[in-house]
Structures are given as C-alpha cells and as structure tokens.
Amino acid sequence: MVTIELTEGWRFFDAEGDYDLPVSLPFDSVSTMVKAGHAPEPYVGDAEAALRWIAERDWVLCRSVELTQTDVELVLSGLDGVVGVSVNGVDVVTADNAFRTWRVDLSHCARLGDNQIALRFRSVIQAAEARQKAQPFYIPYHKGNCPIANINMLRKQQCDFGWDWNTALAPFGVSGGVSICSAMKTRIAHLHVAQAHHDTEAQSVSVTVTAHVVHGEGAVAEMRFAGRRREAVVTDGVAQAVFFIEEPQLWWPNGQGDQPLYSLEIRCGAAVVMRRIGLRRIEHVTVKDAKGTGFKFRVNGRDVFAKGANWIPADALHGRIERDKVRDLLQSAVDAHMNMIRVWGGGRYEPDWFYDLCDDMGLMVWQDFMFACNLYPADRAFLSNVAAEVVEQVQRLQHHACLALWCGDNELLGMLHEFPEARANRDRYLVMYDRLNQTLERALFEADPQANWWPSSPSLGPLNYGDAWHEDSSGDMHVWTVWHENMPFEAYREMTPRFVSEFGFQSFPSMDVIRRFIAPEDRNMASPVMDAHQKNAGGNARIVGTMMRDFRLPERFEDLVYLSQVQQGLAIKTAVTAWRALKPHCMGTLYWQLNDTWPCASWSSLDYGGGWKILHHMAARFYAPVLVTIVPQYGRDVFKLINDLSDEVDVSIQVAAVTPKGDVRPLAEVSVTAMTHKAFEVLELERDLLKQDEFYVFTWQYRGQHEGQNEGGEGGDIHAPKPFKAYDLIDPHIVIETNELREKIEITLAAEALALFVTLDADQPGRFSANAVTLLPNMPQKIIFVPQDADINTNFTVQHLYKATLGGAK
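Residue 8 is where the sequence shown starts when you use the working numbering, and the numbers rise one by one after that.
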C-alpha cells in the first residue's frame with residue numbers, strides 16, 4: 008500500500024448546521040469562510056471583530072477514504088486547535104498541540120472499502136476558557152496583547168488571540184496535512200546529523216549521520232553524502248555512518264562567505280530521505296569579562312556581528328502563507344545585509360522549506376520555542392505535551408546549517424514582574440516558570456546534545472531572573488524604553504548592551520498599503536478605522552507626538568504617513584549605529600520587526616505584502632558591512648569605523664559641512680585600514696566647527712588590500728546635530744528623469760538645494776534600489792526601479808522633508 012495523502016475532498020461544517028463548505032488541506036477557518044463569501048475580508052476597514060464568531064463555534068472536518076487493507080496508521084500534522092479525531096465513529100486521538108505530529112494505529116477500527124474520518128474542532132475560545140477553569144489557580148496571560156482570553160492554555164500560535172500588532176481572529180484548522188500509510192511500512196522517522204570540526208581552520212570535518220528507522224530492523228541503510236557512500240545495518244532502530252570530509256567547503260552567514268550545501272541521501276527499503284547539509288560550526292559564546300557576560304556568535308572560528316530583525320508569521324491567517332512570498336521577505340532581509348533572523352516565540356515553528364531558504368540565503372536563525380509574554384501551566388500533562396513538541400521540532404530542524412540558537416521563550420521572565428498575580432505570589436509562579444524552562448532544556452538536549460541553548464529572551468543568563476530590559480551588562484537585552492517609555496532616540500546611545508534581540512519604533516504602513524485596505528474617508532489619524540489598524544494602545548498618538556520633538560508637523564495625511572516612516576528609520580538607525588560602534592562589547596542587533604502579518608501601524612520595516620518601508624532602505628545602509636558613523640560626545644563628534652567583512656580593508660573618509668542651500672564646506676579627510684575585530688575611532692571634530700545652519704555630510708570608499716580581493720564599495724550619510732525642525736530648509740526643486748531599460752527603469756534625481764530623505768513612489772508594484780536618499784546640488788543620483796510588470800507604464804512621484812513639512816504650507 009502506498010501512502011494516501013488526504014488533501015482534497017474534505018467538507019467543513021459548523022455544529023449549528025449553518026455552513027457546509029468544501030475545503031482542501033492545508034486551510035484555516037477564517038480564510039475559508041471569507042473565500043466562500045460567508046464573511047467579510049478581515050483586513051479591510053474595521054471588519055475584524057465581525058469574524059470572531061467563527062472561533063466561538065464547534066466545527067467538523069470530514070471525508071471518506073477507500074482502504075484495501077486495515078493494518079494502517081493515520082498521520083496528522085498541524086492540527087491547529089483542540090481536535091477530536093474519529094474513524095468510523097471510533098475516537099482515536101484528541102490532538103491539542105498545533106506543533107506536533109500525531110500517528111495513530113487504526114487496525115482496530117479501519118475496514119476494507121469506505122472509511123469515514125472526522126476531525127471535530129472544539130471552539131478554541133471555549134476550550135481555552137475550560138482549561139483555565141480546570142487549573143488549581145489562575146495562570147495569567149497578557150490582556151494588553153490578547154483581547155481574546157486564555158491563549159496560554161493552548162499549544163497553538165500565541166498571537167492568534169491577538170497581539171499588539173496582530174488581529175484577534177482565533178483562527179484554527181490544519182496547517183500541515185493528513186495521510187494514511189501501512190502500519191508496518193519501513194520509514195525513516197528522523198535523522199540526526201552531527202559535525203566535528205577538527206581544527207581551528209576547519210580543514211577537515213567528520214559528519215556523523217544517525218538514521219532512526221521504524222520497521223526496518225536488520226535492513227541495510229544506504230547513505231550517500233559529499234560523493235561518498237556508506238552502508239549500515241539497522242540495529243535497535245538505528246543506522247549510523249561517519250563521513251570524513253577533507254578541505255570542506257564551509258557554509259557562512261550572509262556577508263561572510265558562500266553557502267555551499269552538500270546533498271545527503273538515505274535509503275532503507277522503499278524509504279528515502281534527502282537533506283542538504285551545510286558544513287559549519289556555530290558557537291554561542293558567553294564569556295565573563297570585566298563588564299559582565301558577553302553574548303556573541305562565532306562561526307567557523309570567526310566572531311560574527313549579528314545583524315538582522317525579528318520574524319513573525321508571514322500572515323495572520325496561516326492559510327494565506329505562500330512560499331514565494333516568504334522567499335521575497337527573506338530575500339529582502341538578505342538585500343539589507345542581514346545575517347540573522349529571530350523566529351519569535353509567539354508565532355510558529357516554520358515549515359521545512361522556510362529553513363531551507365535560510366540555508367540557501369545565509370540567514371542564521373535564532374529559534375525561540377513557542378512561548379511568549381504569558382505564564383503557562385506546569386502540570387504533568389501540559390509539560391509532557393510540551394516535551395513531545397520540543398523533541399519533534401528539534402529532531403526536524405537540527406540538521407539545518409542556518410540554525411544558530413534555541414531559546415526557551417520570549418519575555419516570560421518579565422511577566423513575573425508585570426502580572427499582579429505573579430508579584431503577589433512570586434515563588435509559585437517562578438517555580439512554574441522554572442519547571443517549564445527545565446522541560447524545554449531537557450527535551451532539547453535529549454534530541455540534540457550539541458544544540459546551542461539560551462533560557463529566555465531577554466535574559467542575563469542561566470538561573471538569573473533579573474531585569475534584562477534595563478540591565479545592559481550581560482546576556483541579551485530588549486530595549487523598549489524609547490517606544491514604550493516615550494524617551495528620545497538619543498537614549499539608545501546611553502545604553503551599552505552586549506546583544507540586543509528586540510528594540511523598535513512604529514510607523515504607519517505605506518500609502519499603497521493604506522489605499523488597498525482603508526477607504527479615502529477613513530484616512531485620518533484619529534479615525535476609528537485607523538485606530539482599528541493600530542493594536543498598540545496609544546500608538547498612533549505616540550507616533551505623531553514624537554514627531555514634534557524633531558520635525559515641523561505636516562498638514563496632509565500622506566505627508567504624515569511619510570514622515571512617520573522617516574522617523575522610524577531614524578530611531579532604528581540611531582540605535583544600530585550606536586551599538587555597532589561598541590563592537591566587540593556589543594555583538595548583535597535584531598530589531599523588532601522585519602515583517603507584518605496584516606496591514607497595520609507597526610514596528611516592521613517591510614509592509615504587509617513585502618514592500619520596503621523607509622526603514623528597510625535605511626537598514627540596507629546602516630547594516631552595510633563597512634560603516635562610518637558619528638558618536639556625539641559632549642560638544643565634540645567622534646567618527647567611528649566598523650568593518651564586518653572577513654578581512655581588513657583600506658578606507659578613505661571625507662567629512663564636510665552642508666547648508667540647506669546646498670553649500671558644501673570640507674572639514675576633514677582621512678585614510679585608514681579598517682580592522683575586523685572592533686569598531687575604532689578614526690576622527691574627532693569639535694562641534695563648534697559647524698555653523699548654526701550646517702549639517703555634517705560624510706562619504707567613504709573602501710577596497711580590499713589583496714590583489715584579486717573583491718571587497719569594495721562606498722557609502723555616505725548625513726548627520727543633524729540639532730532637531731530637523733530647527734533648520735530652515737528651502738525648496739530643492741527636484742527634477743526627475745527616467746530612462747527605460749530592459750525590464751527596469753533608471754531614474755535620475757537632481758536638486759537645486761539640499762534635499763533630505765528623498766523618497767520615490769511608483770503607481771505599480773516594484774522595487775527601488777534605494778530610497779530616502781540625500782541630494783546635493785550638482786550631484787544627481789541614479790536609482791533603479793524594477794517593476795513587477797515591465798509592460799505597464801510607470802509613473803513616479805517624489806517626496807522629501809521640505810515638501811512634507813514646509814512645502815504644503817506655502
């Protein structure tokens with residue numbers, strides 16, 4: 008018997024009998040109802056709340072299947088919710104963990120011919136409430152994030168009940184698949200791949216492949232890897248082989264080298280498993296020093312500054328997630344010089360193909376376990392369920408070259424301080440937390456003894472339950488004082504973190520996103536619809552209020568949207584450049600967040616749909632491998648140079664002053680060799696060298712020192728010592744010229760005066776090579792636009808700081 012994939016032919020109906028729909032797997036409940044025309048599009052306007060009734064009902068998913076034998080197993084993955092599974096009316100399993108695979112023997116209930124399979128989805132809202140009531144005492148969840156209660160009781164995506172950037176639709180369904188296979192069929196349950204790098208130069212690597220085989224005792228497993236072939240007999244369910252690779256091609260993170268992947272193939276009987284393996288050694292280094300405990304990643308013996316962002320689910324509704332769209336999001340991270348993403352603990356473990364993409368692209372993955380911003384049960388049933396989840400997920404993912412770290416949770420330690428119940432009875436809730444955390448750690452090392460482990464994020468270190476939001480001496484840090492505590496951007500410079508795994512500042516989505524989801528009459532910052540697309544309490548007011556510190560306020564809605572993105576970019580740029588300038592004291596910045604789950608005001612640098620916000624264009628510059636940045640210090644300005652490449656480079660730096668008219672006055676020029684192991688000071692200027700109306704403008708060029716070395720490039724930046732509102736900008740009279748090339752358009756921008764944050768917009772989807780650029784007189788810039796459809800005429804509009812804050816008033 009071959010495996011029967013039960014993808015098509017399902018019926019989905021509610022317990023009340025109002026709806027009966029055909030569906031195919033995978034699916035989610037909300038997308039299914041919307042597609043069938045039984046519910047409005049939840050992302051448009053303020054329709055979201057009108058769809059929550061779907062999750063308040065019980066639903067059934069059923070179909071029939073013809074069987075030619077009865078010694079079969081039912082395999083179910085990604086059952087999202089609390090699901091009672093029956094076959095021919097016999098209950099066979101209750102699946103209550105969306106992150107597990109359930110394998111059920113049907114020999115006692117299967118029959119030849121027609122068989123009925125039913126999956127009964129209990130209302131996730133009611134199931135969560137019932138499980139809370141069954142606890143011996145209340146276990147708090149984050150009400151500020153989740154308008155639907157008790158998500159901490161369910162092992163499903165935690166942001167499904169809402170978050171401060173996500174909808175609260177409580178979707179359920181099947182994110183994986185359902186199949187039937189022979190109970191006695193030989194299968195390779197999972198692999199374990201261990202690497203031993205035999206010297207500091209990694210000139211040889213031993214790869215040990217362990218195949219765990221079911222129903223294959225005594226059979227021969229054939230393994231092929233890196234052009235070598237081995238055979239191993241399955242003994243006690245295990246077949247093992249060792250491959251010795253001399254002069255291996257090593258896998259490197261983006262910006263550090265290439266990402267070669269070796270093919271691994273294992274055959275045992277009819278069972279075949281194929282993987283792609285990158286040869287690399289990633290060490291998580293936490294060493295005590297005079298200032299605390301460091302936190303960094305060492306790859307193949309080289310310390311790598313982690314540059315990246317936090318990843319949340321690609322859509323609020325998992326039925327809408329598409330591989331090609333996810334690939335585009337990850338490619339955007341790579342194009343902005345990122346080398347790490349953090350898969351955040353309130354979402355989901357991503358599918359295999361996600362990590363395959365990260366392997367291909369050189370994106371290291373910091374992988375949280377799926378616990379976030381709540382406290383959780385610690386009874387035997389819950390912890391047993393979690394342990395099985397962890398073992399399965401680690402076994403599935405441990406072979407990936409991209410996998411750099413497993414982290415226990417997101418911000419659970421902080422909840423011990425935040426929830427009044429935990430403050431009142433700290434011992435009880437701390438012990439519960441520790442039981443969960445130990446369960447995660449034990450299960451992780453059971454599945455992969457070589458794994459890198461960090462107990463929580465943020466954390467000062469193992470068994471340290473201190474405040475890693477505000478303590479910057481050790482471990483990883485979440486910096487939210489600027490956004491949540493309404494502090495100025497300069498506050499980022501006052502912190503000296505070792506590694507920052509979360510920090511962010513909000514902006515509004517781009518106008519093309521707003522036009523698709525918000526009607527013209529609702530395009531006002533105080534409209535109920537705009538409020539509905541802002542899930543962080545007071546967020547819109549904070550965005551606009553913060554503008555008054557640095558900018559003259561716009562009058563038009565479109566200008567306010569633009570300026571919110573400029574402001575967001577400046578906030579994150581201030582943080583990243585300040586912390587990169589601390590290298591090696593600080594060895595990583597992962598800003599919050601890369602992507603959006605739906606169209607909303609948020610901390611993302613990519614709009615819902617993948618478009619680049621101004622922040623992402625800025626990130627491509629402030630994450631560049633060679634960077635010059637200004638560190639203001641009490642009346643003087645220190646210029647620091649950072650080189651994250653693998654080798655030293657020669658750098659030439661030019662510094663000048665520029666007025667709003669565009670008059671340029673040279674101040675200094677220096678040539679240096681940029682080391683790789685630390686940021687270092689290259690120039691210091693007294694602040695009073697600048698006149699009242701002048702900005703710094705500085706450029707740099709770099710090249711490799713050795714013949715044939717291909718590292719080379721250039722960069723530039725501008726720095727305002729005073730708030731932008733203090734400068735009397737003038738109309739730069741920007742001229743746009745376009746030249747249509749094959750499948751792209753070359754745009755030349757020229758200005759008559761200084762033009763700040765010059766941003767192009769197109770009337771069709773596409774990608775600009777740069778945006779939010781600075782223009783000076785007689786120094787035109789070329790920007791390439793690649794349209795989504797090269798056969799459609801494209802029109803461009805230009806936005807800049809003068810136009811947004813002064814031009815509309817005249």
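For every residue, glycine included, the Cβ atom is placed at its ideal position computed from N, Cα and C.
**Asked** Going by DSSP, what residues sit across from His199 in a beta bridge?
**Response** Position 192 of the sequence shown, counting from 1, holds the residue named residue 199. Under DSSP, His199 shares a beta bridge with Thr217.
**Request:** Would you grab the beta carbon distance between Phe803 and Lys751 for me? Rounded to a whole angstrom, and I think it's under 8 Å.
**Result:** The sequence position of residue 803 within the sequence shown is 796, counting from 1. The sequence position of residue 751 within the sequence shown is 744, counting from 1. About 13 Å separates the two Cβ atoms, so there is no contact after all.
**Asked** Starting from Met281 and walking both ways along the beta strand (DSSP E), at which residues does that stretch end?
**Response** Here residue 281 is taken as the residue at index 274 of the sequence shown, counted from 1. 278-284 is the extent of the beta strand (DSSP E) around Met281.
**Message:** Can you find the residues in the same chain that come closer than 6 Å, C-beta to C-beta, to Thr10, ignoring five residues on each side of it along the sequence?
**Reply:** Reading the sequence shown from its first residue, position 3 is the one you call residue 10. The beta carbon of Thr10 lies closer than 6 Å to those of Ser186, Cys188 in the same chain, with the five residues before and after it left out.
**Alpha-carbon spacing of Ile328 relative to Asp322, whole angstroms** = As a working mapping, residue 328 is identified with position 321 in the sequence shown. As a working mapping, residue 322 is identified with position 315 in the sequence shown. Per the coordinates, the alpha-carbon of Ile328 lies some 6 Å from the alpha-carbon of Asp322.
**Request:** For Pro29, write down the residues that DSSP places opposite it in a beta bridge.
**Result:** Translated into positions along the sequence shown, residue 29 becomes position 22. DSSP lists Arg18 as partners of Pro29.
**Prompt:** Pick from Lys150, Tyr615, Ala105, Pro639: whose alpha carbon is nearest that of Arg522?
**Reply:** By 1-based counting over the sequence shown, the position of residue 522 is 515. Nearest C-alpha to Arg522: Tyr615.
**Message:** Using a 10 Å radius around the Cβ and a threshold of 16 neighbouring Cβ atoms, would you call Trp360 buried or exposed?
**Reply:** As a working note, residue 360 is residue 353 in the sequence shown. Per the 10 Å Cβ criterion, exposed.
**Asked** Can you check whether the CB of Gly711 is closer than 8 Å to the CB of Gly719?
**Response** Translated into the one-based positions of the sequence shown, residue 719 becomes position 712. Translated into the one-based positions of the sequence shown, residue 711 becomes position 704. Yes, the pair counts as a contact, with Cβ atoms nearer than the cut-off.
**Item:** Beta-carbon gap between Phe380 and His149 smaller than 8 Å
**Value:** In the sequence shown, counting from the first residue as 1, residue 380 sits at position 373. In the sequence shown, counting from the first residue as 1, residue 149 sits at position 142. Strictly speaking, residue 380 in this sequence is Cys, with Phe absent from that position. In this structure, His149 lies closer than 8 Å to Cys380 by Cβ.
**Item:** Whole-angstrom distance between Ala62 and Ile252, CA atom to CA atom
**Value:** Stepping through the sequence shown from its first residue, residue 252 is reached at position 245. Stepping through the sequence shown from its first residue, residue 62 is reached at position 55. Roughly 53 Å between the two C-alpha positions.
**Request:** Work out the CA separation of Glu399 and Asp538 for me, nearest whole Å.
**Result:** Translated into the one-based positions of the sequence shown, residue 538 becomes position 531. Translated into the one-based positions of the sequence shown, residue 399 becomes position 392. Each residue's alpha carbon lies about 40 Å from the other.
**Test item: CB-CB of Asp557 and Phe731 under 8 Å** = Within the sequence shown, residue 557 is the residue found at index 550, counting from 1. Within the sequence shown, residue 731 is the residue found at index 724, counting from 1. Yes, Cβ-Cβ distance for Asp557 and Phe731 is below 8 Å.
**Request:** Confirm, please, whether the CB-CB distance from Trp170 to Asp542 is below 8 Å.
**Result:** Against the sequence shown, residue 542 aligns to sequence position 535. Against the sequence shown, residue 170 aligns to sequence position 163. Checking the sequence shown, residue 542 turns out to be Lys, not Asp. Taking 8 Å as the cut-off, the beta carbon of Lys542 is found closer than this to the beta carbon of Trp170.
**Asked** Taking C-beta to C-beta, are Met554 and Leu570 nearer than 8 Å?
**Response** Indexing the sequence shown from 1 puts residue 554 at position 547. Indexing the sequence shown from 1 puts residue 570 at position 563. Taking 8 Å as the Cβ cut-off, Met554 and Leu570 qualify as a contacting pair.
**Prompt:** Any idea which residues DSSP pairs Cys275 with across the strands?
**Reply:** The residue given as residue 275 occupies position 268 in the sequence shown. Residue pairing by DSSP places Cys275 opposite Ala228, Ala278 in a beta bridge.
**Message:** Measuring only the C-alpha atoms, how far is Val765 from Met786?
**Reply:** As a working note, residue 765 is residue 758 in the sequence shown. As a working note, residue 786 is residue 779 in the sequence shown. Cα atoms of Val765 and Met786: separation of roughly 14 Å, rounded to the nearest angstrom.
**Asked** Can the beta-carbon of Leu404 be found closer than 8 Å to that of Tyr362?
**Response** Along the sequence shown, read from residue 1 onward, the residue named residue 404 stands at position 397. Along the sequence shown, read from residue 1 onward, the residue named residue 362 stands at position 355. Yes, they are a contact pair.
**Asked** In chain order, what residues of the same chain lie with their CB nearer than 6 Å to the CB of His485, ignoring the 5 residues before and after it?
**Response** On the sequence shown, residue 485 is found 478 positions in, with the first residue counted as 1. Here the set comprises Pro465, Trp476, Glu509.
**Asked** From Leu81, Glu357, Pro527, pick the residue whose C-alpha is nearest to that of His5; which is it?
**Response** As displayed, the chain neither begins before 8 nor continues past 817, which places residue 5 out of reach and without an answer.
**Request:** Rank Trp259, Ala681, His219 by C-alpha distance to the C-alpha of Val240 and give the top, closest one.
**Result:** In the sequence shown, the residue the question calls residue 240 occupies position 233. Residue His219 is the option with its Cα nearest to Val240.
**Asked** Which class does Glu253 belong to by DSSP, given the choice of helix, strand or coil?
**Response** As a working mapping, residue 253 is identified with position 246 in the sequence shown. Reduced to three states, the DSSP call for Glu253 is strand.
**Message:** Do Ile743 and Ala762 have their beta-carbon atoms positioned less than 8 Å apart in this structure?
**Reply:** On the sequence shown, position 755 is the one that residue 762 refers to. On the sequence shown, position 736 is the one that residue 743 refers to. Not closer than 8 Å, so no.
**Request:** Taking the CB atoms as reference points, tell me whether Glu15 and Ser31 lie closer together than 8 Å.
**Result:** Here residue 15 refers to the residue found at position 8 of the sequence shown. Here residue 31 refers to the residue found at position 24 of the sequence shown. Yes.
**Prompt:** DSSP beta-bridge partners for Ala762?
**Reply:** Counting from 1 along the sequence shown, the entry for residue 762 is found at position 755. Paired residues: Leu782.
**Message:** Taking 8 Å as the threshold (C-beta atoms), are Ser84 and Gly180 in contact?
**Reply:** The count along the sequence shown starts at 1 and reaches residue 180 at position 173. The count along the sequence shown starts at 1 and reaches residue 84 at position 77. Going by C-beta atoms, Gly180 is not nearer than 8 Å to Ser84.
**Item:** C-alpha distance - Pro255 paired with Ala582, whole-angstrom precision
**Value:** The residue you call residue 255 lines up with position 248 of the sequence shown. The residue you call residue 582 lines up with position 575 of the sequence shown. Using only the alpha carbons, I get a separation of about 38 Å.
**Candidates Leu410, Gly44, Val72, of which the one nearest Val94 by Cα** = The residue given as residue 94 occupies position 87 in the sequence shown. The residue with the shortest Cα to Cα distance from Val94 is Val72.
**Message:** Within the continuous alpha helix (DSSP H) that includes Cys434, where are the two ends?
**Reply:** Stepping through the sequence shown from its first residue, residue 434 is reached at position 427. In the sequence on display, residue 434 carries Asp and not Cys. First-last of the alpha helix (DSSP H) with Asp434: 433-454.
**Prompt:** Beta carbon of Ala340, beta carbon of Ala316: below 8 Å?
**Reply:** Position 333 of the sequence shown, counted from the start, is the residue given in the question as residue 340. Position 309 of the sequence shown, counted from the start, is the residue given in the question as residue 316. Contact flag set, yes.
**Asked** If you scan the stretch 612-674 from start to end, which runs of the beta strand (DSSP E) of 3 or more residues do you find wholly inside it?
**Response** Taking only runs of at least 3 residues, the beta strand (DSSP E) segments lying wholly in the stretch 612-674 are 633-640, 643-650, 656-665.
**Prompt:** So what does Trp170 bridge to, in DSSP terms?
**Reply:** Position 163 of the sequence shown, counting from 1, holds the residue named residue 170. Asn173.
**Item:** Of the residues Val51, Phe564, Phe19, the one placed nearest Met40, counting alpha carbons only
**Value:** Translated into the one-based positions of the sequence shown, residue 40 becomes position 33. Per the Cα distances, Phe19.
**Asked** Mind checking Met191: buried by the 16 CB within 10 Å criterion, or exposed?
**Response** As a position in the sequence shown, residue 191 is number 184, starting the count at 1. Here Met191 is exposed. Its C-beta has fewer than 16 other C-beta atoms within 10 Å.
**Message:** Can you tell me whether Pro462 is helix, strand or coil according to DSSP?
**Reply:** Within the sequence shown, residue 462 is the residue found at index 455, counting from 1. Note: Pro462 maps to coil in three-state DSSP.
**Cβ neighbours of Pro794 in the same chain (closer than 6 Å, five flanking residues each side left out)** = Position 787 of the sequence shown, counting from 1, holds the residue named residue 794. Taken in chain order, the residues that qualify are Gln771, Gly773, Thr801.
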